[in-house]
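Enquirer: All letters in the sequence shown, in the order written, are residues 71 to 280 by the working numbering.
The beta-carbon is built from N, C-alpha and C at its ideal position, and this holds for glycine as well.
It should be emphasised that the depicted structure is a prediction, and the values quoted were computed from it without experimental measurement.
First the structure, then my questions, so here it is.
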Amino acid sequence: MKFKFSLPFLLLFFFSNTLFAQINEGKIVYKISYPGIDLPAEQKAMLPTESTCYFANNNSRTESDGFMGMKMVTLCVKEEVTMLMDVMGKKIAMHPKSEIEGVKTKEPQITYSDEVKTIAGYTCKKAVLSFDNSTKMTVWCAEEIVGGGSWGGNFKGLKGAPLEYSADVSNMSMTMTATKVSEEKVDKDKFKIPKGYEIMTPEQLQKQFK
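Quick look at the structure:
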């Protein structure tokens with residue numbers, strides 16, 4: 071038996087495979103906004119406005135400029151989160167949760183809804199993450215973008231990449247919205263702690279500024 075394929079059928083087959091292909095390595099660029107923030111213009115100008123996330127093999131690296139231009143990097147490798155900071159010329163690598171205290175990041179309960187919207191060209195599904203009775207986060211995730219593991223430690227178990235989410239940091243609301251997603255090769259060194267960084271616990275870092 072012979073089959074005849076029309077050009078429209080072949081095009082439909084090609085594009086359907088392209089649409090459902092997953093991206094498991096690349097880069098996401100976010101814009102950072104601060105809804106309802108009430109700060110003098112000169113202070114607001116010092117807040118970071120952009121963040122870049124590199125991801126591959128279930129690891130992620132997020133870079134942004136911190137307050138007053140301080141460079142901030144968050145590594146999430148094999149579910150272990152490390153923050154890299156350059157504070158007054160001193161390079162510090164810190165785990166947000168002290169291993170001495172034995173505190174582990176709690177995996178959130180995730181509830182998905184049928185509500186969707188398009189962000190950076192990707193269809194995103196709405197999800198609500200509940201960390202405890204009082205802490206919740208609304209996230210819009212793209213299921214076809216994978217490879218970032220827990221995407222910085224807060225999104226363990228999430229189906230896909232968080233392309234938009236809001237969080238309250240130091241009584242200040244912050245919203246991250248993806249503006250560009252690119253599929254590209256990521257250097258393995260992006261997920262390593264560079265030489266010259268001193269590893270500290272949060273307790274040790276706090277003592278540095280007393």
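Our contact map puts Val251 next to Ile98 with C-beta atoms below 8 Å; I'd like the distance itself, whole angstroms only.
Expert: 5 Å
Enquirer: Please report the straight-line C-alpha distance between Glu120 and Lys277, rounded to a whole angstrom.
Expert: If you draw a straight line from the Cα of Glu120 to the Cα of Lys277, it comes to about 30 Å.
Enquirer: Hey, would you say Ser200 sits closer than 7 Å to Pro105, going by beta carbons?
Expert: no
Enquirer: Return the chain-ordered ranges of every beta strand (DSSP E) run that is complete within the segment 167–248 and spans a minimum of 3 residues.
Expert: 179–189, 192–200, 206–212 and 231–239
Enquirer: Work out the CA separation of Gln92 and Met270 for me, nearest whole Å.
Expert: 37 Å
Enquirer: Thr188: which of Met207, Leu233 and Leu145 sits nearest, CA to CA?
Expert: Leu233
Enquirer: Output the residue ranges of the alpha helix (DSSP H) runs that lie fully inside the segment 105–146 and measure 4 residues or longer, sorted by chain position.
Expert: 111–114
Enquirer: Run the proximity test for His165: is its beta-carbon closer than 6 Å to any non-hydrogen atom belonging to the ligand FMN?
Expert: Ligands displayed in this structure: none; no statement on the ligand FMN is therefore possible.
Enquirer: Looking at the unbroken alpha helix (DSSP H) that takes in Glu273, where does it start and where does it end?
Expert: Under the DSSP assignment, Glu273 falls in the alpha helix (DSSP H) whose first and last residues are Pro272 to Gln278.
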